[in-house]
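Each residue of the sequence shown is one higher than the one before, starting from 1 at the first, in full-length UniProt numbering. Beta carbons: idealized from backbone N, C-alpha and C, even for Gly. All values derive from a computational prediction rather than experimental measurement.
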Amino acid sequence: MDKTVASAAEAVADIPAGASLAVGGFGLSGVPIVLIRALLASGVDRLEVVSNNCGVDGWGLGELLGAGRIRRVIASYIGENKEFARQYLGGEVEVELTPQGTLAERLRAGGVGIPAFYTATGAGTAVSEGGMPLRYAADGTVALTSLPKELRPFDVFGDAREYVLEQAIRTDYGLVRAAVGDRHGNLRFEKSTRNFNPLAGMAARITIAEVDELVEPGVLGPDDVHLPGIYVDRVVQLTPDQATELPIEKTTVRPRPRTTQDEETD
C-alpha cells in the first residue's frame, strides 16, 4: 500500500513517447512542475496533453511545449502563452479548444466511468457544428478542423433546448500537485490549487502526485481528502526548495493612499 517513490525521475520513467497526460493546474496555481521537469529530462516527445491551459512561456507545461515535446493539446484556452499561440498558428501543435466547464466535466466523467454526457454549453456554435481549426498548415491555412457533434433536444424543467453530446476523457497518465499526501495516495489540495488537479487525477489510468508534505495514513481526516488514494498510484515528496517554488503569474498593485505622515515627511 505504500505508494511513495524516491524521486520524480523514477515516478515518470515508464511514460513513453506518444503518451496522453492529464495535468493539473490553472495558470501557475497547482502545477506539478517537478514531475513536468522530470518528464522533460527523460526526453519523451509526441505527448498529448489535457490541461486547462498549456502553462506560460518558459514555465509549467510551457517548458515541455518550448522544447517541442507536445504534439497535441486539449485545453480551454491558449491564454497568454505566446509560444503556444505561435506553435498552434504555425501548425506545430494540434489544439482542441473545449469550453472550460465542459473540459472539467469530461475529465470527471472519465474518472467515474461515464462515457459521454449532454450539455447545453456550445450547442448551436462551432463547438457542436464543427469547423474549428484543430491544426494549421505551415502556410497559415487550416489543415484539420473539428467534426460536428451530436445534438439532441431535451425539455429540462420546462426549458426545451438542444444539448450537445460530449465524450469523456481518459488518459494514460495524470500529473498532479498536492499540498499534503499520505503513503496510501490520499491527497489534500491547498485552496485554489485544487482547480483541475482532482479531475486530472481521476481521469488517468496511472496518476502520479507530487506533494509538499508527506504524512502517514490516518493523519488526513476523511473530510480533508480531496482525491482518494484509489485514484493515485505514485507519490513523490518534494524537497523544501521544490515545494516553495511558487511563481506569481501576474503582480498587480494599486497606489497607496497618502497619509498625514506622508505629508509631514514631504
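Around the Cβ of Asp224, a 10 Å sphere holds fewer than 16 other Cβ atoms; the residue is exposed. Taking C-beta separations shorter than 7 Å and ignoring five residues to either side along the sequence, the partners of Gly131 in its chain run Thr145 and Ser146, following chain order. Within the model, the alpha-carbon separation for Gly122 versus Leu199 is close to 21 Å. For Ala200, the secondary structure class from DSSP, reduced to helix, strand or coil, is helix. Between Val50 and Thr171, the CB-CB gap stays under 7 Å. For Leu134 against Glu96, the beta-carbon gap comes to about 6 Å, under 8 Å, which counts as contact.
Contact between Gln100 and Ser76 holds, since their C-beta atoms are separated by about 4 Å, short of 8 Å. Sixteen is the threshold: when 16 or more other Cβ atoms of the shown chains lie within 10 Å of the Cβ of Arg106, as they do, the residue is buried.
For Val34, the uninterrupted alpha helix (DSSP H) segment begins and ends at Ile33 to Ser42. Straight-line measurement puts the Cα of Gly68 at about 32 Å from the Cα of Val112.
The bridge partners DSSP lists for Gly131 come to none.
The criterion of a C-beta distance shorter than 7 Å is satisfied by Phe189 and Ala178.
When C-alpha distances from Leu64 are compared across Arg254, Asp233, Leu89 and Arg37, the shortest belongs to Arg37. Taking 7 Å as the cut-off, the beta carbon of Ala203 is found closer than this to the beta carbon of Ala22.
With contacts defined as CB atoms closer than 7 Å, Lys3 and Gly185 qualify as a contacting pair.
Counting only runs of 4 or more residues that sit fully inside the region 67 to 154, the alpha helix (DSSP H) segments are 82 to 89, 100 to 112 and 126 to 129, in chain order. Each of Gln237, Val56, Tyr118 and Ala126 was checked against the Cα of Arg183, and the nearest Cα belongs to Gln237. 7 Å or more divides the Cβ of Glu210 from the Cβ of Val31. Across the set Glu216, Arg205, Gly43 and Leu151, the C-alpha of Leu151 shows the shortest separation from the C-alpha of Ala126.
For Ala11, the enclosing alpha helix (DSSP H) has its first and last residue at Ala8 to Ala11. Cβ-Cβ separation between Gly174 and Val235: approximately 13 Å, too far for a contact (criterion under 8 Å).
The continuous alpha helix (DSSP H) containing Asp241 extends over residues Pro240 to Ala243.
For Tyr163, the enclosing beta strand (DSSP E) covers residues Asp159 to Gln167. If you ignore the 5 residues before and after Asp45, its C-beta comes within less than 6 Å of the C-beta of Ala17 and Arg69, all in its own chain and listed in chain order. Take the alpha-carbon of Ala6 and the one of Glu80: they are about 35 Å apart. Where Gly58 is concerned, there is no enclosing beta strand (DSSP E), because DSSP gives it neither an H nor an E.
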